[in-house]
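Student:
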Amino acid sequence: MYHESIVSELLDWIEHNLDQSLTLDTIAAKSGYSKWHLQRLFKSFTGQTLGTYTRQRRLTMAATELRLTQNSVLRIADKYQFDSQQTFTRTFKKQFKTTPAVYRRLDHWPSYGMCPKIELEAAHEQPSIQPVAVSEPEKEKPELEWMGLKSSTPSYHCQKTVWTHWKPCSDGVSSKSC
């Protein structure tokens, strides 16, 4: 329960700081955990890495701003900490399957790609899915036949001679006349 409240507080803090520079170091310092432990803890409660969640939330906020304001794509990209408009556009297109400019002009407001804020309490009310072992019926496997050629060679270079003898035998695997 203690870890859940830490992650819940972090989710709120991230939400209020999406327009700030959020690095793993910054978030780890806020939590008091090491970067490695924080990543594991966050993923165990949310199912996502910190980086993925933060990026998806930023893009969702940017998509909302695209629809509700006339701010330029560059200004929105800068506000949500993207290095350039090109980086923003490429990442936006990956999540929303369209460019920011086209998204802004759509007649409808698509929900595809939107990432809502994670609320841990709601996540724990959902029934958990438990893995079930499914066994396949055993199939009868044919008995394997092994075939070989016993030979002594004085060096590695003599293997061509052995192979020349072996090749005709291996073509007809069912024949045992080598």
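Residue numbers for the sequence shown follow the UniProt record's numbering, so the first one is 1 and each next one is one higher.
In this text, a Cβ means the ideal position worked out from N, Cα and C, and glycines have one as well.
Here the structure is a predicted model, which means the values were calculated and not measured.
How many whole angstroms separate the CB atoms of Arg58 and Gln81, which I take to be in contact at a CB cut-off of 8 Å?
Tutor: Yes, Arg58 and Gln81 are in contact; Cβ-Cβ is about 7 Å, under 8 Å.
Student: Rounded to a whole number of angstroms, what is the C-alpha to C-alpha distance between Gln95 and Pro142?
Tutor: Roughly 49 Å separates the two Cα atoms.
Student: Return the residue from the list Arg75, Val7, Tyr33, Met114 that minimises the CA-CA distance to Phe45.
Tutor: Among Arg75, Val7, Tyr33, Met114, the Cα nearest to that of Phe45 is on Val7.
Student: Under three-state DSSP, which class holds Leu18?
Tutor: Three-state DSSP puts Leu18 in coil, outside helix and strand.
Student: Say whether the segment 46-53 touches the segment 84-95, bearing in mind that this needs 3 or more beta-carbon pairs closer than 8 Å, one atom from each stretch.
Tutor: Flag = no, the segment 46-53 and the segment 84-95 do not touch.
Student: Assign Ala77 to buried or exposed, taking buried as 16 or more other Cβ atoms, counted over all protein chains shown, within 10 Å of its Cβ.
Tutor: Burial call: buried.
Student: Between which residues of its own chain and Leu66 is the CB-CB distance below 8 Å, once the five residues before and five after are set aside?
Tutor: If we look at Leu66 and ignore the five residues flanking it on each side, its Cβ neighbours are Val73, Ile76, Pro100, Tyr103, Arg104.
Student: According to DSSP, is Gly113 part of a helix, a strand, or is it coil?
Tutor: In this structure, Gly113 counts as coil in the three-state DSSP scheme.
Student: Taking buried to mean at least 16 other C-beta atoms within 10 Å of its own C-beta, is Ser31 buried or exposed?
Tutor: Buried.
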